[in-house]
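When you read off a place in the sequence shown, starting at 1, and then add 438, the result is the number in the numbering used here.
A short worksheet on the structure shown next.
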Amino acid sequence: MSKQCVVSLATADIESRHIFRPWAFDEDSLAKLEYEWGFKYRTCNHDVATNRVYLTRELGHLFESGFWAFLPLEWDFFVDVLKISRASSSIPIETAYKGRKTFKYRFVPMPGILRSPIIRVEDSKPAHLQSHAFPFTSLPALELPILPHFAIMDLIHKFSKYKTLDIKPSAEYGPYLNPLFLPVPSVDNV
């Protein structure tokens, strides 16, 4: 992965950040996740390239503060991954990705995010800067090497901060949340 922010494509003031941050979960929850993901107790390595991205210092701080997340866009594929993973809890979830190296994500603002625009370098030329305003729907889908199960756990953790999840499809959040309110294929029968 090149050392540029995956959202803004900036190359200055860049930091590597974890997507799934195990220190944000209690030990019991981590043990359950490891079991679900096919790892033995305390053997899942979270400090891997497939759980890290480069972000500007500002976007990284907002990300870790819970103000935005990566929303996986390939739900059907991920449901298939969960079916394969659940068929044998002794096989690490990564094997179900069948060698895929990148996945598509959407930048999703969470309630409370500052509404300042994101400036993105377009066409790989610093002279071509594009301003993306809240709710950031003009940002393109991001093709990233992070594994969807890490992004989904981060998203769940961020949503769980809200005692009452009073987020409904609207002009601001509709482009992100409308797909979330549609029926998602169930993996409970696996």
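Even glycine gets a Cβ: it sits at the ideal position worked out from N, Cα and C.
All values derive from a computational prediction rather than experimental measurement.
Collapsing the DSSP output to three states places A507 in a strand. Using a C-beta cut-off of 8 Å, the region 464 to 477 makes no contact with the region 551 to 563, since fewer than three inter-stretch Cβ pairs fall below that distance. Judged by DSSP in its simplified three-state form, P549 adopts coil rather than helix or strand.
Taking a C-beta distance under 8 Å as the contact criterion, L509 and F501 do not qualify as a contact pair. Apart from the 5 residues on each side of it in sequence, I457 sits with its Cβ closer than 6 Å to the Cβ of N489, I584, F588, A589, D592 in its chain, given in chain order.
If the five residues before and after M548 are omitted, its C-beta is found closer than 7 Å to the C-beta atoms of G504, F505, W506, A507, K596, all from its own chain and listed in chain order. In terms of Cβ geometry, V445 and F545 form a close pair [threshold 8 Å]. Bounds of the alpha helix (DSSP H) holding S598 are 586 to 598.
Secondary structure of L497 (DSSP, three-state): helix. Under the three-state reduction of DSSP, L577 is assigned to coil, being neither helix nor strand.
Sequence-distant partners of I551 (beyond 5 residues in either direction) whose C-beta falls short of 8 Å from its own C-beta, in its chain, are L500, F505, W506, F572. Around the beta carbon of A450, a 10 Å sphere encloses fewer than 16 other beta carbons of the protein chains shown; the residue is thus reported as exposed.
Shown here, L468 sits in a helix according to DSSP, grouped into three states.
The three-state secondary structure of I531, taken from DSSP, is helix.
Scanning its chain for C-beta atoms nearer than 7 Å, with the 5 sequence neighbours on each side dropped, one finds around V491 the residues V444, R455, I457, L582, I584, in chain order.
Burial state of A448 is buried, judged by a 10 Å Cβ sphere holding 16 or more other Cβ atoms.
For V445, the secondary structure class from DSSP, reduced to helix, strand or coil, is coil. For V559, the enclosing beta strand (DSSP E) begins and ends at 556 to 559.
Taking C-alpha positions only, Q568 is separated from L511 by approximately 23 Å. In this structure, Y543 places its C-beta atom within 8 Å of the C-beta atom of L580.
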